[in-house]
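Here the structure is laid out as structure tokens; the discussion comes afterwards.
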Amino acid sequence: MVLLFHTRTRSRSAAGSSKLPPSPPAARPFFGHLHLLENPLHRILHKISLKHGPIFSLRLGSRLAVVASSPAAVEECFTKNDAIFAKRPHSTLHKPLGYNYTAIVSASYSDHWHNLRRLCSVEIFSPACLNRCLPIREEVKRLLSSLYKMSSSCCGGFTFTKVQLRSKVHELTFNNITRMVAAKRYYGKVGIPKPFFFFFLLK
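In this text, residue positions in the sequence shown follow full-length UniProt numbering: the first is 1, and each later residue adds one.
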């Protein structure tokens, strides 16, 4: 009871100290307004907007969400104030995994994020880089096709069988290496022995 009272007191004091859009009064502790979100969701949000206006706020667990339900409000958010809404919220998980919010998936909208986006578009997602990664995608496609054929080859494809995945992953790795070094595939040809020394190094 003390914890619930403390949580409700903190939420009320935080809502009173900040200028937030109106929200439905039936907020539950820890869950917020999640119990109000039922199917169909768009009709529920429309019903709330008729009562509280085109812009309202919802408490989704520990997060606060602002819903804009009118075209004018959406235009105001995504055209005139798009830089403000482009920032990402900080979380406890992104700090250690995102190198203190410096990775592209956790960085806020800033000059650093623009540099990361430019670097990804030039060095990772450019047509030349995607073409260089084409052999790897082809080998992965061959691996998935081979696994599907081997697993569904029993009883006319009506039942699935177990597949030894380690040898297939070794073949995928060795084919990628040989295609990068010699531009040729090692596996897939008849009469070529398996590189047992390479398997020993991988183990």
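All C-beta atoms, glycine included, are put in the ideal place defined by N, C-alpha and C.
- Message: Just to confirm the assignment: which complete alpha helix (DSSP H) runs, minimum length 4, are found wholly within the segment 40-68?
- Response: Counting whole runs of 4 or more residues, the segment 40-68 contains the alpha helix (DSSP H) stretches 41-52.
- Query: If we ignore side chains and look at the alpha-carbon of each, how far apart do Leu165 and Ala83 end up?
  - Reply: If you take the alpha carbons of Leu165 and Ala83, they lie about 47 Å apart.
- Can you tell which of Pro21, Leu34 and His33 has its C-alpha closest to the C-alpha of Pro54? Nearest option by C-alpha distance: Pro21.
- Query: What distance in whole Å lies between the Cβ atoms of Cys120 and Ile104, which are believed to be in contact at a cut-off of 8 Å?
  - Reply: Sure, about 6 Å apart at Cβ, within 8 Å.
- Message: Can you check which of these residues, Thr102, Ser91 and Lys47, is closest to Asn115 by C-alpha distance?
- Response: The residue among Thr102, Ser91 and Lys47 with its C-alpha nearest the C-alpha of Asn115 is Thr102.
- For Asn81, the nearest candidate out of Tyr109, Glu138 and Gly61 (CA to CA): Taking Asn81 as reference, the option from Tyr109, Glu138 and Gly61 with the minimal CA-CA separation is Tyr109.
- In whole angstroms, what separates the C-alpha of Phe5 from that of Phe160? Confidence is the limiting factor: at Phe5 the pLDDT is only 36, short of 50, which leaves the residue's position unreliable and the question unanswerable from this model.
- Would you check if the distance between the CB atom of Glu139 and the CB atom of Leu172 is smaller than 7 Å? In contact: Glu139 and Leu172 (Cβ atoms closer than 7 Å).
- Task: Pick helix, strand or coil for Arg118, following the three-state DSSP scheme.
- Result: Three-state DSSP puts Arg118 in a helix.
- How would you write the range of the alpha helix (DSSP H) that Pro127 sits in, first residue to last? Segment Pro127 to Arg132, the alpha helix (DSSP H) holding Pro127.
- Cβ-based neighbour list, Ala68, same chain, cut-off 8 Å, excluding 5 preceding and 5 following: If you ignore the 5 residues before and after Ala68, its C-beta comes within less than 8 Å of the C-beta of Pro54, Ile55, Val74, Glu76 and Cys77, all in its own chain and listed in chain order.
- Task: Alpha carbon to alpha carbon, how far is Ala107 from Gly98? Give it in angstroms, no decimals.
- Result: C-alpha separation (whole angstroms): 8 Å.
- Message: On a Cα-Cα basis, can you pick out the residue from Leu144, Met180 and Arg88 that is closest to Val163?
- Response: Nearest to Val163 by C-alpha distance, out of Leu144, Met180 and Arg88, is Leu144.
- Taking the CB atoms as reference points, tell me whether Ile136 and Asn175 lie closer together than 7 Å. Taking 7 Å as the Cβ cut-off, Ile136 and Asn175 do not qualify as a contacting pair.
- Own chain partners of Trp113 with C-beta closer than 8 Å, once the 5 adjacent residues on each side are dropped: Closer than 8 Å at the Cβ level, and outside the excluded window around Trp113, lie Ile104 and Ala107.
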